[in-house]
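A.B. asks: Numbering (our numbering) for the sequence shown: 4 to 465.
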Amino acid sequence: MKAHDGMYIGGAWRPAAGQDVIEVVNPVDEQVIGTVPAGTAEDVDAAVRAARAALPGWAATPPAERAARLAVLRDVLAARADEIAETVTAELGSPLKFSQAVHAAVPIAVAGSYAELAATYAFEEKTGNSVVHHEPIGVVAAITPWNYPLHQIVAKAAPALAAGCAIVVKPAEDTPLVARLFAEAVHEAGVPAGVFNLVTGLGPVAGQALAEHPGVDLVSFTGSTAVGRRIAAIAAGQVKKVALELGGKSANVILPTADLAKAVNVGVANVMSNSGQTCSAWTRMLVHRDQYEEAVGLATTAAAKYGERIGPVVNAKQQARVRGYIEKGVAEGARLVAGGPEAPRETGYFVSPTVFADVTPDMTIAQEEIFGPVLSILRYEDEEDALRIANGTVYGLAGAVWAGDEAEAVAFARRMETGQVDINGGRFNPLAPFGGYKQSGVGRELGVHGLAEYLQTKSLQF
Ligand code: NAD
Numbered sequence: 004m005k006a007h008d009g010m011y012i013g014g015a016w017r018p019a020a021g022q023d024v025i026e027v028v029n030p031v032d033e034q035v036i037g038t039v040p041a042g043t044a045e046d047v048d049a050a051v052r053a054a055r056a057a058l059p060g061w062a063a064t065p066p067a068e069r070a071a072r073l074a075v076l077r078d079v080l081a082a083r084a085d086e087i088a089e090t091v092t093a094e095l096g097s098p099l100k101f102s103q104a105v106h107a108a109v110p111i112a113v114a115g116s117y118a119e120l121a122a123t124y125a126f127e128e129k130t131g132n133s134v135v136h137h138e139p140i141g142v143v144a145a146i147t148p149w150n151y152p153l154h155q156i157v158a159k160a161a162p163a164l165a166a167g168c169a170i171v172v173k174p175a176e177d178t179p180l181v182a183r184l185f186a187e188a189v190h191e192a193g194v195p196a197g198v199f200n201l202v203t204g205l206g207p208v209a210g211q212a213l214a215e216h217p218g219v220d221l222v223s224f225t226g227s228t229a230v231g232r233r234i235a236a237i238a239a240g241q242v243k244k245v246a247l248e249l250g251g252k253s254a255n256v257i258l259p260t261a262d263l264a265k266a267v268n269v270g271v272a273n274v275m276s277n278s279g280q281t282c283s284a285w286t287r288m289l290v291h292r293d294q295y296e297e298a299v300g301l302a303t304t305a306a307a308k309y310g311e312r313i314g315p316v317v318n319a320k321q322q323a324r325v326r327g328y329i330e331k332g333v334a335e336g337a338r339l340v341a342g343g344p345e346a347p348r349e350t351g352y353f354v355s356p357t358v359f360a361d362v363t364p365d366m367t368i369a370q371e372e373i374f375g376p377v378l379s380i381l382r383y384e385d386e387e388d389a390l391r392i393a394n395g396t397v398y399g400l401a402g403a404v405w406a407g408d409e410a411e412a413v414a415f416a417r418r419m420e421t422g423q424v425d426i427n428g429g430r431f432n433p434l435a436p437f438g439g440y441k442q443s444g445v446g447r448e449l450g451v452h453g454l455a456e457y458l459q460t461k462s463l464q465f
């Protein structure tokens, strides 16, 4: 157990204003592995002031130099990749291999992508008799969740730094250790004091104080739709810009011409990955009625393989929440074909990889985000029915379409109300815009579209 002190504010680790701490628990064995300070409004204020003071200098720093800092940051993260993976495994519980391949590797790729974009982006352009300058939006408040703890921070900090913004990050209370590691990396990379600041703390205390702070120009939030709604309301009162990455309930649409076994196996893997704690997970699998029982059989077999392989969910509250949803699925008449509500182990916040068949679109498990290793398989009659079901939730973050012919899959994907669709198992692209239609959010992260969130335009006429 290690007691970590201080907040990273103005380029140094400073003692927190209050005495309260947050305990960090390893979800595998339920042991406290460390504590971090629980920041207050006073800490938030100090961090925002430091960011405001640093903003003019960083905004005026040539983009090539900002790009160079980001390239060093990417290299520092790469040099500390093992430590990142071990830290995420300790505080999130994800298997080490997954932490290495995803939790450590993706942030390195994203930091690298913004090093390149900062160097090549046209921060100035001509249109008619005007020159348009893309200027940093100002001081950014970044409030992040625990599910991909470093990725969620880097997906905000890297474009903010590339744009010339100063930033204050409030990471999730369950995973503050990798956030501290990131602050060390930013320091090591030589980012000027005050450009990046970190305040650990509780959402309703430090998070809310940060969102409400008048010195913040943009609140970039990733988390639940309920909290996102509150943050948008706070920002509206101050006419402050928000970027929101919220929940999802994505559809994996398997058209009759698809390679059924591949589509089902990849679909199950997608849902079980990170113990189902992925906002873009394809938690609803849509299968044509003629192939339905075959798909259910394939999914049942595939899910069984994950029994020993997946990690726990992040905490006891999430475990109880996910198990509650599984009970609700049974109570509403869905057919349980794998897993179930019983905890598979006595210790740790584990949930059995669970698959439901005979799920109808109106059931709770087909509508609400579960955020655990739970897949619902729904039956459709024809393509129009599949589209109605796919689009029939308040969410629209991601999705997948499988078909024998790519053009057929694309035609279907174009009709989906969602921000990102993988065609026949398309790979993750760190440059592709990521974000939601409908209640899945406002704005986009990653790549050039992500950079644009941190910029505002000024036009000069000649
Ligand atoms: P959450 O909304 O409870 O917390 C997210 C962050 O907000 C945390 O840092 C938390 O401390 C902070 N927070 C909580 N209350 C706050 C308040 N009143 N004011 C300001 N900040 C506050 O979400 P979670 O449980 O940490 O994460 C799970 C949710 O996040 C899921 O719904 C998931 O879909 C969503 N998510 C979305 C994306 C995306 O990109 N769309 C990515 C990851 C997670």
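Virtual Cβ for every residue (Gly too), placed ideally from N, Cα, C.
How about V194 and L164: do their beta carbons lie closer than 8 Å?
C.D. replies: Yes; because the gap between Cβ atoms is below 8 Å, this pair is in contact.
A.B. asks: Are the CB atoms of L378 and V354 nearer to each other than 8 Å?
C.D. replies: No. Outside cutoff.
A.B. asks: Which word fits M288, buried or exposed, when buried means at least 16 other C-beta atoms lie within 10 angstroms of its C-beta?
C.D. replies: Result: buried.
A.B. asks: By how many angstroms is the C-alpha of A410 removed from the C-alpha of L73?
C.D. replies: Going by the C-alpha atoms only, they are around 38 Å apart.
A.B. asks: What first and last residue would you give for the beta strand (DSSP E) that runs through M366?
C.D. replies: Note, M366: premise wrong, no beta strand (DSSP E); not H, not E.
A.B. asks: Any chance the CB of K173 is under 7 Å from a heavy atom of ligand 1?
C.D. replies: True, at least one ligand heavy atom lies under 7 Å from that Cβ.
A.B. asks: Answer with buried or exposed for G30, where buried requires no fewer than 16 other C-beta atoms within 10 angstroms of its C-beta.
C.D. replies: It should be pointed out that residue 30 corresponds to Pro in this sequence rather than to Gly. By the neighbour-count rule (16 or more Cβ atoms within 10 Å), P30 is buried.
A.B. asks: For P148, is the beta carbon positioned less than 7 Å from some heavy atom of ligand 1?
C.D. replies: Result yes, Cβ under 7 Å from ligand 1.
A.B. asks: Give a single yes or no on whether R447 has its beta carbon closer than 7 Å to a heavy atom of ligand 1.
C.D. replies: No, Cβ of R447 sits at least 7 Å from all heavy atoms of ligand 1.
A.B. asks: For a quick check, are the C-beta atoms of K243 and V219 less than 8 Å apart?
C.D. replies: Taking 8 Å as the Cβ cut-off, K243 and V219 qualify as a contacting pair.
A.B. asks: Output the distance between the C-alpha atoms of N277 and V404, rounded to the nearest integer angstrom.
C.D. replies: Taking the straight line joining both Cα atoms gives about 21 Å.
A.B. asks: Regarding Q423 and ligand 1, is the C-beta to nearest heavy atom distance less than 7 Å?
C.D. replies: Q423: no, Cβ never under 7 Å from ligand 1.
A.B. asks: List the DSSP bridge partners of D425.
C.D. replies: Paired residue(s): A403.
A.B. asks: When the Cα atoms are used, what is the spatial distance from S462 to V134?
C.D. replies: Cα-Cα distance, rounded: 6 Å.
A.B. asks: DSSP has I25 in a bridge; who is on the other side?
C.D. replies: V39, per the DSSP bridge assignment.
A.B. asks: For the putative contact between A53 and G197, defined by C-beta atoms under 8 Å, what is the C-beta separation to the nearest angstrom?
C.D. replies: So it is a contact: roughly 4 Å between Cβ atoms.
A.B. asks: At 4 residues or longer, and completely inside the region 132-204: list those alpha helix (DSSP H) runs for me, N to C.
C.D. replies: The qualifying runs are 152-166 and 180-191.
A.B. asks: Hey, would you say the C-beta of L201 is under 7 Å away from at least one heavy atom of ligand 1?
C.D. replies: Answer for L201: no, Cβ out of range of ligand 1.
A.B. asks: Evaluate T92 with the Cβ neighbour count: other Cβ atoms within 10 Å of its Cβ, from every protein chain shown; 16 or more gives buried, anything less gives exposed.
C.D. replies: So T92 ends up on the buried side.
A.B. asks: Could you give the distance in angstroms between the alpha-carbon of L434 and the alpha-carbon of Q423?
C.D. replies: Their Cα atoms are separated by approximately 12 Å.
A.B. asks: For H291, write down the residues that DSSP places opposite it in a beta bridge.
C.D. replies: DSSP lists Y383 as partners of H291.
A.B. asks: With a threshold of 7 Å, establish whether the CB of A239 neighbours any heavy atom of ligand 1.
C.D. replies: Incorrect: A239 has no Cβ contact closer than 7 Å to ligand 1.
A.B. asks: Which two residues bound the contiguous beta strand (DSSP E) that contains N268?
C.D. replies: Run containing N268: none in the beta strand (DSSP E); it sits in the alpha helix (DSSP H), L263 to M275.
A.B. asks: Answer with buried or exposed for D177, where buried requires no fewer than 16 other C-beta atoms within 10 angstroms of its C-beta.
C.D. replies: Classification of D177: buried, given that the 10 Å Cβ count is 16 or more.
A.B. asks: Could you check whether S227 and S253 sit closer than 8 Å to each other, using their CB atoms as the reference points?
C.D. replies: Taking 8 Å as the Cβ cut-off, S253 and S227 do not qualify as a contacting pair.
A.B. asks: Are there 16 or more other CB atoms within 10 angstroms of the CB of V35, so buried, or fewer, so exposed?
C.D. replies: It counts as exposed.
A.B. asks: For R382, count the other beta carbons within 10 Å of its own beta carbon; 16 or more makes it buried, fewer makes it exposed. Which is it?
C.D. replies: That one is buried.
A.B. asks: Does ligand 1 have even one heavy atom less than 7 Å from the beta-carbon of F1?
C.D. replies: The structure shown does not extend to residue 1, since the chain is modelled only from 4 to 465, so the question has no answer here.
A.B. asks: Please classify A323: does DSSP put it in a helix, a strand, or coil?
C.D. replies: A323: helix per DSSP, three-state reduction.
A.B. asks: Can L378 be considered in contact with ligand 1, in the sense that its beta carbon sits closer than 7 Å to one or more heavy atoms?
C.D. replies: Incorrect: L378 has no Cβ contact closer than 7 Å to ligand 1.
A.B. asks: Where are the alpha helix (DSSP H) runs, 4 residues long or more, that stay fully inside the region 210-268, in chain order?
C.D. replies: Taking only runs of at least 4 residues, the alpha helix (DSSP H) segments lying wholly in the region 210-268 are 211-215 and 228-240.
A.B. asks: May I ask you to check if the CB of V354 is nearer than 7 Å to at least one heavy atom of ligand 1?
C.D. replies: Answer for V354: no, Cβ out of range of ligand 1.
A.B. asks: Using CA atoms only, rank isn't needed, just tell me which of E119, A57 and L99 is closest to V75.
C.D. replies: The shortest Cα separation from V75 among E119, A57 and L99 belongs to E119.
A.B. asks: Is it the case that the region 160-175 contacts the region 288-298, given that we only count it when at least three CB pairs across the two stretches are under 8 Å?
C.D. replies: Flag = no, the region 288-298 and the region 160-175 do not touch.
A.B. asks: Can you determine whether any heavy atom of ligand 1 sits closer than 7 Å to the C-beta of T225, and answer yes or no?
C.D. replies: Within the cutoff, so yes.
A.B. asks: Since A12 is in the beta strand (DSSP E), which residue starts that stretch and which ends it?
C.D. replies: The sequence as given places Ile at residue 12; Ala does not occur at that position. Looking at the DSSP string, the run of the beta strand (DSSP E) that includes I12 is M10 to I12.
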